[in-house]
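If you count by this note's numbering, then the sequence shown holds residues 12 to 131, one letter each, in order. The block underneath contains the structure these notes are about, expressed in structure tokens.
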Amino acid sequence: MDKGHKKRIVRLIAPTVFLIIILSLMCFLRYIDASVILAIYVPIWIIGMLAARLDKIVFASVFIVFSGIGIIAEYLIHVSNGPRPTMAGAFMNTLILFLGLILGIVLQILSKRKLKNNSE
């Protein structure tokens with residue numbers, strides 16, 4: 012294994028561990044259960060892994076991390092709403108996930124440009 016390959020693996024393991032810790036915490040707090048994880052967060056993680064397989068490590072890392080940040084924001088909004096829950100938390104989660112998607116794409120493009128400029 013070369014040094015670059017090890018670096019890519021570490022860049023994927025860290026966001027994955029972050030997401031697992033956040034999802035475990037949300038399960039412990041009884042905010043989500045396994046069905047939510049399987050229906051929403053496993054496909055998000057799979058999208059990240061497919062992107063990583065296509066050598067889009069920056070996009071994959073940003074997308075996975077933002078999915079964890081989104082569920083944290085959703086939970087905090089849900090708690091602040093008290094006994095009258097609204098869909099504001101879910102909308103915030105979706106917005107953060109969408110921002111992660113856009114930011115991941117932009118950062119991936121900038122990363123590829125930087126690598127291309129350095130190689131020339």
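For each residue, glycine too, the CB sits at the ideal point set by N, CA and C.
By the criterion of a C-beta distance shorter than 8 Å, residue 76 is surrounded in its chain by 26, 29, 30 and 111, once the five residues flanking it on both sides are discounted. Here residue 78 is buried: its Cβ has 16 or more other Cβ atoms, across all protein chains shown, within 10 Å. The straight-line gap separating the alpha-carbon atoms of residue 72 and residue 95 is approximately 35 Å. For residue 82 and residue 19, the gap between their C-alpha atoms comes out near 25 Å.
About 5 Å separates the CB atoms of residue 122 and residue 69; that is less than 8 Å, so the two are in contact. At least 9 Å separates the beta-carbon of residue 51 from that of residue 38. Under the three-state reduction of DSSP, residue 97 is assigned to coil, being neither helix nor strand. Between the beta-carbon of residue 59 and that of residue 74 there is about 5 Å, and that keeps the pair under the 8 Å contact cut. Sorting 43, 17, 24 and 54 by C-alpha distance to the C-alpha of residue 86 places 43 at the top.
For the beta strand (DSSP E) assignment, the region 26-60 encloses no uninterrupted run of at least 3 residues.
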